[in-house]
Amino acid sequence: MSTSGKLAGKVAVVTGSAAGIGRASCMLFAKEGASVAAVDCNTDGNATLVEEIRSFGGSVEALTADVSSAQDVEHAVHQILSKWRRIDILFNNAGIVPGKKVHTLTEEEWDRAFAINVKSMFLFSRAIVPSFLQQGGGVILNTSSTTALRVAPDRALYTATKGAILSLTKSMAIDYATDNIRVNCLCPGTTDTPSLRARLSAGGNTEEMTKKFIARQPLRRLGTAEEMAQAALYLVSDAAAFVTGSAFQIDGGMSL
Ligand SMILES: NC(=O)c1ccc[n+]([C@@H]2O[C@H](COP(=O)([O-])OP(=O)(O)OC[C@H]3O[C@@H](n4cnc5c(N)ncnc54)[C@H](O)[C@@H]3O)[C@@H](O)[C@H]2O)c1
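FYI, my numbering numbers position 95 of the sequence shown as 366, with every residue one higher than the one before it.
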């Protein structure tokens, strides 16, 4: 376990670690001295992450899990606690971005989005908060979205999940404030990640879609996963010791 860096000596669980914002956060947290438990259903993506982190001497373990499965989550948390004996930071970041208007959605699509985006946060929190209570504190960061604050067309289901995350975050922040457990959410704007690239190319005209997305941003560019990771680092570190229940917007001004 590293003794230098903003997260020295901390154990951080990051979900959605194999790509995008989660991956960049794992890299940064490890560089800042954390031992990182990288949780994702994409085993191959996690394997390259582990290789990269270990190449600079970082501490990381990969765990393959479907974050919407109670059994997978409990098994993963058990493995993490068996290895490191504690958890200090939970970054609930895994998520999917379903499109469509409500009348075209299936019940399965609705349930799957809520299971991956919201229920996963309940499952991980339920499994980890008892350790936080026992050790006298901890930090939870949930990835919501700018769309929780400023809606976009054809994103009703996605927006509903991200709004739920905002409410869950605030409720948990109140519930655990006197237990020294801080709970915040990150609200990224349009960020250049594999999932965004897939959405940009879905309609067959990537260039036009990219221009359209950039035009929504007052700062006239997309965010980067590394910028989101820097915001996440602040929120999970002791620098944010007085921050709880907040929705931290990092969106190039998109929510203005
Ligand atoms: N990229 C953006 O523009 C943007 C904007 C706002 C919010 N967000 C949110 O940020 C988070 C990360 O998004 P991203 O753009 O980095 O996405 P991404 O698709 O690039 O990465 C998401 C990761 O989550 C994993 N994942 C998905 N479902 C899973 C499951 N059931 N179990 C385990 N792992 C699972 C994927 O394998 C992938 O590695 C999401 O919650 C997303 O809603 C992204």
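Ideal placement from N, C-alpha and C gives every residue a C-beta, glycine not left out. All values reported here derive from a predicted model rather than from experimental measurement.
Annotated three-state conformation of Ala384 is helix, per DSSP. Across the structure, Ser339 and Val422 are spaced so that their CA atoms are roughly 25 Å apart. Per DSSP, Gln520 is one residue of the beta strand (DSSP E) stretching across Ala518 to Ile521.
In the structure shown, Ala290 adopts coil according to DSSP, grouped into three states.
In the DSSP annotation of this structure, Phe327 is not part of any beta strand (DSSP E), being labelled neither H nor E. Residue state for Ile367 is assigned as coil, using DSSP reduced to three classes. One alpha carbon belongs to Val284, the other to Leu504, and they sit about 13 Å apart.
Judged by pairs of C-beta atoms under 8 Å, the segment 484-496 does not touch the segment 381-400, as fewer than three such pairs exist. Distances from the CA of Ile351 to each of Leu437, Val507, Glu479 and Thr286 were compared; the closest alpha carbon is that of Thr286.
Under the DSSP definition of a beta bridge, Ile411 partners with Leu361 and Val454. For Leu334, the three-state secondary structure derived from DSSP is strand. For Ala308, the enclosing beta strand (DSSP E) stretches over residues Ser306 to Asp311. Within 7 Å of the C-beta of Ala365 there is at least one heavy atom belonging to ligand 1. Rounded to the nearest whole angstrom, the CA to CA distance from Phe385 to Asn455 is 19 Å. One Cα belongs to Gly407, the other to Asp450, and the distance between them is close to 7 Å. In this chain, the alpha helix (DSSP H) harbouring Thr440 covers Ala427 to Tyr447. Around the beta carbon of Ile399, 16 or more other beta carbons lie within 10 angstroms, which makes this residue buried.
Partner residues in the beta bridge of Gly494, as assigned by DSSP, are Thr462. The alpha-carbon of Pro401 is positioned some 49 Å away from that of Glu479.
With a threshold of 16 other beta carbon atoms within 10 Å, Asn363 meets it and is buried.
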